Amino acid sequence: MLTDDQTMIRDTARAFARDRLAPGAMAREAAAEIEPQVRAELGELGFLGMTIAEEWGGVGADYVSYALALEEIAKGDGAVSTMVSVHNAPFLAILDRFASDAQKESWLKPAARGAHIGCFALTESHAGSDASALRTRAVKHNDRYVVNGAKQFISSARIGGATIIFAVTDPEAGKRGLSAFYVANDTPGFLVAKVEEKLGQRASDTCALTFDDMEIPFENRIGEEGEGYRIALSSLETGRIGIAAQAVGMAQAAFDAALSYARERQSFGKAIFDHQAVQFRLADMETQIEAGRQLVLNAARMKDAGTPCLREAAMAKLFTSEMAENVCSAAIQTLGGYGYLSEYGIEKIYRDVRVCQIYEGTSDIQKMLIARQMS
(Lines of atoms letter the chains of each structure in order from A and count residues from 1; the text may use other names and numbers.)
(Lines give C-alpha, C1' and ligand atoms only; values in the text may rest on other atoms or scores of the structure.)
Protein backbone atom coordinates (compact mmCIF):
# COMPACT_ATOMS: atom_id res chain seq x y z
CA MET A 1 0.00 0.00 0.00
CA LEU A 2 1.13 3.52 -0.79
CA THR A 3 0.61 6.63 1.31
CA ASP A 4 -1.31 9.58 -0.08
CA ASP A 5 1.95 11.48 -0.64
CA GLN A 6 3.54 8.54 -2.46
CA THR A 7 0.48 8.15 -4.67
CA MET A 8 0.44 11.88 -5.47
CA ILE A 9 4.13 11.89 -6.43
CA ARG A 10 3.72 8.78 -8.57
CA ASP A 11 0.66 10.20 -10.33
CA THR A 12 2.39 13.54 -10.95
CA ALA A 13 5.36 11.76 -12.50
CA ARG A 14 3.04 9.52 -14.52
CA ALA A 15 1.16 12.48 -15.98
CA PHE A 16 4.38 14.34 -16.81
CA ALA A 17 5.88 11.26 -18.46
CA ARG A 18 2.71 10.60 -20.45
CA ASP A 19 2.11 14.18 -21.58
CA ARG A 20 5.64 15.61 -21.90
CA LEU A 21 8.23 12.85 -22.10
CA ALA A 22 6.75 10.02 -24.15
CA PRO A 23 5.49 12.17 -27.07
CA GLY A 24 8.94 13.70 -27.57
CA ALA A 25 11.10 10.66 -26.89
CA MET A 26 11.92 9.87 -30.52
CA ALA A 27 12.67 13.52 -31.37
CA ARG A 28 14.78 13.78 -28.23
CA GLU A 29 16.83 10.79 -29.32
CA ALA A 30 17.26 12.16 -32.85
CA ALA A 31 18.51 15.48 -31.44
CA ALA A 32 20.71 13.66 -28.90
CA GLU A 33 19.69 16.14 -26.22
CA ILE A 34 17.23 16.56 -23.39
CA GLU A 35 15.75 19.95 -24.11
CA PRO A 36 16.26 22.73 -21.53
CA GLN A 37 12.51 23.20 -21.11
CA VAL A 38 12.08 19.59 -19.99
CA ARG A 39 14.95 19.97 -17.54
CA ALA A 40 13.36 23.14 -16.16
CA GLU A 41 9.98 21.47 -15.75
CA LEU A 42 11.55 18.54 -13.91
CA GLY A 43 13.03 21.04 -11.48
CA GLU A 44 9.75 22.89 -11.03
CA LEU A 45 7.98 19.63 -10.22
CA GLY A 46 10.59 18.72 -7.62
CA PHE A 47 12.06 15.70 -9.41
CA LEU A 48 15.58 17.16 -9.28
CA GLY A 49 15.69 17.23 -5.48
CA MET A 50 13.42 14.44 -4.39
CA THR A 51 14.95 13.08 -1.19
CA ILE A 52 16.68 16.31 -0.16
CA ALA A 53 15.15 18.12 2.82
CA GLU A 54 13.12 21.25 2.12
CA GLU A 55 15.68 23.16 4.20
CA TRP A 56 18.20 22.53 1.43
CA GLY A 57 15.92 23.15 -1.52
CA GLY A 58 14.48 19.67 -1.98
CA VAL A 59 11.07 18.07 -1.70
CA GLY A 60 11.82 15.91 1.34
CA ALA A 61 10.22 12.82 -0.20
CA ASP A 62 11.00 9.29 0.91
CA TYR A 63 12.87 6.72 -1.16
CA VAL A 64 9.71 4.82 -2.07
CA SER A 65 8.37 8.01 -3.67
CA TYR A 66 11.70 8.48 -5.44
CA ALA A 67 11.58 4.96 -6.87
CA LEU A 68 7.97 5.36 -7.98
CA ALA A 69 8.72 8.67 -9.71
CA LEU A 70 11.79 7.30 -11.49
CA GLU A 71 9.80 4.32 -12.75
CA GLU A 72 7.20 6.62 -14.28
CA ILE A 73 9.81 8.96 -15.79
CA ALA A 74 11.62 5.98 -17.31
CA LYS A 75 8.35 4.77 -18.77
CA GLY A 76 8.16 8.07 -20.63
CA ASP A 77 11.82 8.22 -21.72
CA GLY A 78 14.69 6.14 -20.38
CA ALA A 79 17.26 8.77 -21.28
CA VAL A 80 15.55 11.41 -19.16
CA SER A 81 15.33 9.00 -16.24
CA THR A 82 19.10 8.46 -16.33
CA MET A 83 19.74 12.19 -16.08
CA VAL A 84 17.31 12.44 -13.16
CA SER A 85 18.76 9.37 -11.44
CA VAL A 86 22.42 10.45 -11.58
CA HIS A 87 21.52 13.97 -10.48
CA ASN A 88 19.61 12.74 -7.42
CA ALA A 89 22.02 9.96 -6.52
CA PRO A 90 24.96 9.96 -6.48
CA PHE A 91 25.34 13.74 -7.03
CA LEU A 92 22.85 15.23 -4.56
CA ALA A 93 23.07 12.29 -2.18
CA ILE A 94 26.81 12.84 -1.69
CA LEU A 95 26.42 16.57 -1.09
CA ASP A 96 23.57 15.94 1.33
CA ARG A 97 25.60 13.49 3.40
CA PHE A 98 29.15 14.86 3.26
CA ALA A 99 29.08 18.58 2.42
CA SER A 100 29.38 21.18 5.17
CA ASP A 101 26.45 23.50 5.81
CA ALA A 102 28.25 26.29 3.95
CA GLN A 103 28.85 23.98 1.00
CA LYS A 104 25.23 22.85 1.05
CA GLU A 105 24.07 26.44 0.94
CA SER A 106 26.26 27.13 -2.10
CA TRP A 107 26.00 23.81 -3.94
CA LEU A 108 23.19 21.57 -2.72
CA LYS A 109 20.38 24.08 -2.43
CA PRO A 110 20.55 25.42 -6.03
CA ALA A 111 20.99 21.94 -7.52
CA ALA A 112 18.08 20.49 -5.53
CA ARG A 113 15.89 23.29 -6.85
CA GLY A 114 16.87 22.36 -10.40
CA ALA A 115 19.18 25.28 -11.16
CA HIS A 116 21.53 22.90 -12.96
CA ILE A 117 22.19 19.22 -13.56
CA GLY A 118 24.85 17.43 -11.51
CA CYS A 119 27.36 14.81 -12.64
CA PHE A 120 29.46 12.11 -10.97
CA ALA A 121 32.99 11.46 -12.26
CA LEU A 122 34.61 8.36 -10.81
CA THR A 123 35.18 5.96 -13.73
CA GLU A 124 38.33 6.14 -15.84
CA SER A 125 39.15 4.29 -19.04
CA HIS A 126 41.21 1.70 -17.16
CA ALA A 127 39.29 1.76 -13.86
CA GLY A 128 35.58 1.03 -13.74
CA SER A 129 34.42 -1.00 -10.75
CA ASP A 130 37.99 -0.96 -9.35
CA ALA A 131 38.00 2.59 -7.97
CA SER A 132 41.33 1.99 -6.22
CA ALA A 133 43.07 1.99 -9.63
CA LEU A 134 42.30 5.63 -10.46
CA ARG A 135 45.07 7.75 -11.99
CA THR A 136 43.60 11.26 -11.91
CA ARG A 137 45.81 13.26 -9.54
CA ALA A 138 45.09 16.25 -7.31
CA VAL A 139 48.28 17.92 -6.09
CA LYS A 140 48.34 20.68 -3.47
CA HIS A 141 49.73 23.98 -4.67
CA ASN A 142 49.49 27.03 -2.37
CA ASP A 143 45.81 27.39 -1.44
CA ARG A 144 44.40 24.98 -4.00
CA TYR A 145 44.66 21.62 -5.71
CA VAL A 146 45.85 21.23 -9.29
CA VAL A 147 44.09 18.35 -11.01
CA ASN A 148 45.27 16.43 -14.06
CA GLY A 149 43.74 13.32 -15.53
CA ALA A 150 40.72 11.99 -17.38
CA LYS A 151 37.33 10.41 -16.73
CA GLN A 152 35.18 8.15 -18.89
CA PHE A 153 31.44 7.47 -19.27
CA ILE A 154 30.28 10.57 -17.38
CA SER A 155 26.53 11.13 -17.69
CA SER A 156 25.19 14.63 -18.41
CA ALA A 157 28.64 16.25 -18.51
CA ARG A 158 27.85 18.24 -21.66
CA ILE A 159 24.72 19.83 -20.21
CA GLY A 160 25.66 19.66 -16.53
CA GLY A 161 26.54 22.58 -14.31
CA ALA A 162 28.73 20.84 -11.74
CA THR A 163 30.52 17.55 -11.18
CA ILE A 164 31.73 15.60 -8.18
CA ILE A 165 35.13 14.27 -9.21
CA PHE A 166 37.44 11.80 -7.50
CA ALA A 167 41.21 12.16 -7.66
CA VAL A 168 44.24 10.65 -5.96
CA THR A 169 45.73 12.94 -3.31
CA ASP A 170 48.08 10.33 -1.81
CA PRO A 171 49.46 7.84 -4.37
CA GLU A 172 51.02 5.69 -1.64
CA ALA A 173 47.77 5.08 0.24
CA GLY A 174 45.81 3.01 -2.29
CA LYS A 175 42.07 3.51 -2.03
CA ARG A 176 42.64 5.53 1.16
CA GLY A 177 44.47 8.10 -0.94
CA LEU A 178 41.36 9.10 -2.88
CA SER A 179 39.56 12.41 -2.28
CA ALA A 180 36.33 13.97 -3.56
CA PHE A 181 35.88 17.47 -4.99
CA TYR A 182 33.05 19.68 -6.24
CA VAL A 183 33.86 21.34 -9.56
CA ALA A 184 31.80 23.71 -11.70
CA ASN A 185 31.80 22.45 -15.28
CA ASP A 186 32.96 25.83 -16.59
CA THR A 187 36.14 25.71 -14.49
CA PRO A 188 39.25 26.42 -16.62
CA GLY A 189 40.95 23.12 -17.41
CA PHE A 190 37.67 21.14 -17.30
CA LEU A 191 37.13 19.82 -20.83
CA VAL A 192 34.44 17.63 -22.34
CA ALA A 193 36.80 15.80 -24.67
CA LYS A 194 34.20 13.65 -26.39
CA VAL A 195 30.46 13.01 -26.40
CA GLU A 196 30.11 9.29 -26.98
CA GLU A 197 27.87 7.74 -29.63
CA LYS A 198 25.88 4.99 -27.96
CA LEU A 199 23.59 2.05 -28.61
CA GLY A 200 20.77 3.64 -26.64
CA GLN A 201 19.83 6.53 -24.35
CA ARG A 202 21.24 8.88 -26.96
CA ALA A 203 19.46 11.93 -25.55
CA SER A 204 21.38 11.49 -22.30
CA ASP A 205 24.91 12.60 -23.10
CA THR A 206 27.75 10.34 -21.96
CA CYS A 207 31.13 12.02 -22.07
CA ALA A 208 34.86 11.61 -21.77
CA LEU A 209 36.42 14.35 -19.63
CA THR A 210 39.96 15.62 -19.36
CA PHE A 211 41.42 17.82 -16.63
CA ASP A 212 44.39 19.93 -17.68
CA ASP A 213 45.98 21.80 -14.75
CA MET A 214 42.49 22.38 -13.39
CA GLU A 215 42.68 24.41 -10.18
CA ILE A 216 40.28 23.64 -7.32
CA PRO A 217 40.20 25.71 -4.11
CA PHE A 218 40.72 23.80 -0.86
CA GLU A 219 37.18 24.69 0.17
CA ASN A 220 35.84 22.66 -2.78
CA ARG A 221 37.02 19.40 -1.28
CA ILE A 222 34.12 17.30 0.02
CA GLY A 223 34.94 15.72 3.36
CA GLU A 224 38.51 15.08 4.41
CA GLU A 225 41.46 14.01 2.30
CA GLY A 226 41.42 10.26 1.87
CA GLU A 227 37.64 9.96 2.31
CA GLY A 228 36.93 9.78 -1.41
CA TYR A 229 36.56 6.02 -1.63
CA ARG A 230 34.03 5.94 1.21
CA ILE A 231 32.19 8.90 -0.29
CA ALA A 232 32.05 7.24 -3.71
CA LEU A 233 30.59 4.04 -2.27
CA SER A 234 28.15 5.81 0.04
CA SER A 235 25.44 6.44 -2.53
CA LEU A 236 25.48 3.03 -4.21
CA GLU A 237 22.35 1.81 -2.43
CA THR A 238 20.31 4.77 -3.62
CA GLY A 239 21.88 4.75 -7.08
CA ARG A 240 21.09 1.08 -7.62
CA ILE A 241 17.54 1.48 -6.37
CA GLY A 242 17.18 4.26 -8.93
CA ILE A 243 18.54 2.21 -11.81
CA ALA A 244 16.35 -0.74 -10.85
CA ALA A 245 13.32 1.57 -10.86
CA GLN A 246 14.34 2.83 -14.30
CA ALA A 247 14.53 -0.73 -15.61
CA VAL A 248 11.05 -1.50 -14.28
CA GLY A 249 9.67 1.62 -15.94
CA MET A 250 11.16 0.84 -19.33
CA ALA A 251 9.98 -2.76 -19.11
CA GLN A 252 6.49 -1.53 -18.25
CA ALA A 253 6.49 0.76 -21.29
CA ALA A 254 7.46 -2.13 -23.57
CA PHE A 255 4.82 -4.37 -22.01
CA ASP A 256 2.10 -1.73 -22.37
CA ALA A 257 2.93 -1.32 -26.07
CA ALA A 258 2.89 -5.08 -26.62
CA LEU A 259 -0.41 -5.53 -24.80
CA SER A 260 -2.06 -2.71 -26.75
CA TYR A 261 -0.86 -4.18 -30.03
CA ALA A 262 -1.99 -7.69 -29.07
CA ARG A 263 -5.51 -6.46 -28.39
CA GLU A 264 -5.74 -4.66 -31.74
CA ARG A 265 -3.85 -6.94 -34.15
CA GLN A 266 -6.08 -9.49 -35.88
CA SER A 267 -4.89 -12.97 -36.84
CA PHE A 268 -6.99 -15.91 -38.00
CA GLY A 269 -10.16 -13.97 -37.35
CA LYS A 270 -9.44 -12.79 -33.82
CA ALA A 271 -7.12 -10.54 -31.84
CA ILE A 272 -3.73 -12.14 -31.32
CA PHE A 273 -4.27 -11.59 -27.59
CA ASP A 274 -6.87 -14.36 -27.77
CA HIS A 275 -4.22 -16.87 -28.84
CA GLN A 276 -2.95 -18.76 -25.82
CA ALA A 277 0.71 -18.53 -26.85
CA VAL A 278 0.51 -14.73 -26.81
CA GLN A 279 -1.41 -14.71 -23.53
CA PHE A 280 1.25 -16.88 -21.90
CA ARG A 281 4.04 -14.61 -23.13
CA LEU A 282 2.29 -11.50 -21.83
CA ALA A 283 1.51 -13.19 -18.51
CA ASP A 284 5.18 -14.04 -18.06
CA MET A 285 6.17 -10.47 -18.91
CA GLU A 286 3.77 -8.89 -16.44
CA THR A 287 4.76 -11.31 -13.67
CA GLN A 288 8.44 -10.54 -14.15
CA ILE A 289 7.79 -6.78 -14.10
CA GLU A 290 5.78 -7.00 -10.89
CA ALA A 291 8.44 -9.16 -9.24
CA GLY A 292 11.05 -6.55 -10.16
CA ARG A 293 8.89 -3.72 -8.88
CA GLN A 294 8.50 -5.40 -5.51
CA LEU A 295 12.27 -5.90 -5.23
CA VAL A 296 12.73 -2.18 -5.86
CA LEU A 297 10.08 -1.13 -3.35
CA ASN A 298 11.47 -3.52 -0.73
CA ALA A 299 14.94 -1.97 -1.02
CA ALA A 300 13.45 1.54 -0.98
CA ARG A 301 11.41 0.79 2.15
CA MET A 302 14.51 -0.56 3.88
CA LYS A 303 16.35 2.63 2.92
CA ASP A 304 13.51 4.70 4.38
CA ALA A 305 13.68 2.68 7.59
CA GLY A 306 17.40 3.32 7.93
CA THR A 307 18.20 -0.36 7.45
CA PRO A 308 21.31 -1.24 5.40
CA CYS A 309 20.13 -2.52 2.03
CA LEU A 310 23.25 -2.98 -0.10
CA ARG A 311 22.28 -6.62 -0.72
CA GLU A 312 18.66 -5.83 -1.52
CA ALA A 313 19.60 -2.91 -3.79
CA ALA A 314 22.07 -5.15 -5.64
CA MET A 315 19.41 -7.85 -6.01
CA ALA A 316 16.92 -5.31 -7.33
CA LYS A 317 19.37 -3.92 -9.88
CA LEU A 318 20.55 -7.37 -10.98
CA PHE A 319 17.06 -8.80 -11.43
CA THR A 320 15.32 -5.79 -12.96
CA SER A 321 18.05 -4.88 -15.43
CA GLU A 322 18.15 -8.40 -16.87
CA MET A 323 14.38 -8.82 -16.63
CA ALA A 324 13.82 -5.60 -18.57
CA GLU A 325 15.94 -6.72 -21.50
CA ASN A 326 14.01 -9.99 -21.64
CA VAL A 327 10.66 -8.21 -21.45
CA CYS A 328 11.63 -5.83 -24.25
CA SER A 329 12.71 -8.77 -26.39
CA ALA A 330 9.38 -10.50 -25.74
CA ALA A 331 7.54 -7.27 -26.59
CA ILE A 332 9.35 -7.07 -29.93
CA GLN A 333 8.42 -10.71 -30.58
CA THR A 334 4.77 -9.93 -29.85
CA LEU A 335 4.74 -7.23 -32.52
CA GLY A 336 6.67 -9.38 -34.98
CA GLY A 337 8.17 -7.35 -37.81
CA TYR A 338 6.60 -4.15 -36.53
CA GLY A 339 8.46 -4.53 -33.26
CA TYR A 340 11.71 -4.27 -35.20
CA LEU A 341 10.74 -0.89 -36.66
CA SER A 342 11.61 2.39 -34.97
CA GLU A 343 8.10 3.69 -35.65
CA TYR A 344 6.65 1.54 -32.87
CA GLY A 345 9.16 2.60 -30.23
CA ILE A 346 9.92 -0.75 -28.60
CA GLU A 347 13.28 -1.12 -30.33
CA LYS A 348 14.31 2.18 -28.72
CA ILE A 349 13.32 0.93 -25.28
CA TYR A 350 15.23 -2.29 -25.96
CA ARG A 351 18.36 -0.26 -26.74
CA ASP A 352 17.82 2.16 -23.86
CA VAL A 353 17.42 -0.51 -21.20
CA ARG A 354 20.57 -2.48 -22.03
CA VAL A 355 22.85 -0.09 -20.16
CA CYS A 356 21.09 -0.86 -16.87
CA GLN A 357 23.15 -4.06 -16.70
CA ILE A 358 26.36 -2.02 -16.96
CA TYR A 359 26.39 1.33 -15.18
CA GLU A 360 26.72 1.74 -11.40
CA GLY A 361 28.12 -1.79 -11.26
CA THR A 362 27.70 -4.53 -13.85
CA SER A 363 25.52 -7.57 -13.26
CA ASP A 364 28.64 -9.53 -12.33
CA ILE A 365 29.53 -6.94 -9.70
CA GLN A 366 26.01 -7.19 -8.26
CA LYS A 367 26.38 -10.97 -8.02
CA MET A 368 29.71 -10.54 -6.23
CA LEU A 369 28.12 -8.16 -3.72
CA ILE A 370 25.22 -10.52 -3.10
CA ALA A 371 27.56 -13.48 -2.66
CA ARG A 372 29.70 -11.58 -0.15
CA GLN A 373 26.63 -11.04 2.03
CA MET A 374 26.18 -14.81 2.21
CA SER A 375 29.39 -15.14 4.19
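Using the UniProt record's numbering, read the sequence shown as starting at 1 and increasing by one per residue.
Think of the CB as a built atom: it goes at the ideal place given N, C-alpha and C, for glycine as much as any other residue.
None of these values were measured; they are calculated from a predicted model.
Secondary structure of residue i, DSSP reduced to three states
i       : result
Lys-194 : strand
Gln-266 : strand
Ser-141 : Strictly speaking, residue 141 in this sequence is His, with Ser absent from that position. DSSP places His-141 in strand when its eight states are reduced to three.
Phe-47  : coil
Val-147 : strand
Ile-243 : helix
Glu-35  : coil
Ile-99  : Looking at the sequence itself, residue 99 is Ala, so the reference to Ile does not match. Reduced to three states, the DSSP call for Ala-99 is coil.
Glu-227 : coil
Glu-360 : coil
Ala-271 : strand
Ser-234 : helix
Gln-201 : coil
Gly-336 : helix
Residues bridged to residue i (per DSSP)
i       : result
Ser-155 : Thr-206
Leu-178 : Val-168
Pro-217 : Arg-144
Cys-119 : Thr-163
Phe-211 : Gly-149, Phe-190
Ala-131 : DSSP output for Ala-131 lists no bridge partner at all.
Ile-222 : Ala-180
Ala-112 : DSSP output for Ala-112 lists no bridge partner at all.
Glu-124 : Ala-127
Nonlocal neighbours in the same chain, by C-beta distance under 6 Å from residue i, ignoring five residues either side
i       : result
Lys-75  : Ala-17, Gly-249, Gln-252, Ala-253
Ile-165 : Ala-121, Phe-181, Val-183
Ala-79  : Gln-201, Ala-203, Ser-204
Sub-7 Å separation of residue i and residue j beta-carbons
i       : j       : result
Asp-96  : Leu-21  : no
Ile-298 : Glu-286 : Checking the sequence, you will find Asn at residue 298 rather than Ile. The answer is no: Cβ separation not under 7 Å.
Ala-180 : Ile-117 : no
Ala-67  : Ala-305 : no
Ser-321 : Ala-247 : yes
Ile-94  : Val-84  : no
Leu-209 : Lys-151 : yes
Cys-309 : Met-315 : no
Own chain partners of residue i with C-beta closer than 7 Å, once the 5 adjacent residues on each side are dropped
i       : result
Thr-187 : Met-214
Ala-69  : Ile-9, Arg-10, Ala-13, Phe-47, Met-50
Asp-352 : Gly-78, Ala-79, Gly-200, Gln-201, Met-250
Contacting residues, own chain, Cβ-Cβ under 8 Å from residue i (five flanking each side not counted)
i           : result
Tyr-338     : Tyr-261, Tyr-344
residue 461 : The structure shown does not extend to residue 461, since the chain spans only 1 to 375, so no value can be given for it.
Exposure label - residue i; buried when at least 16 CB within 10 Å
i       : result
Glu-105 : exposed
Met-368 : exposed
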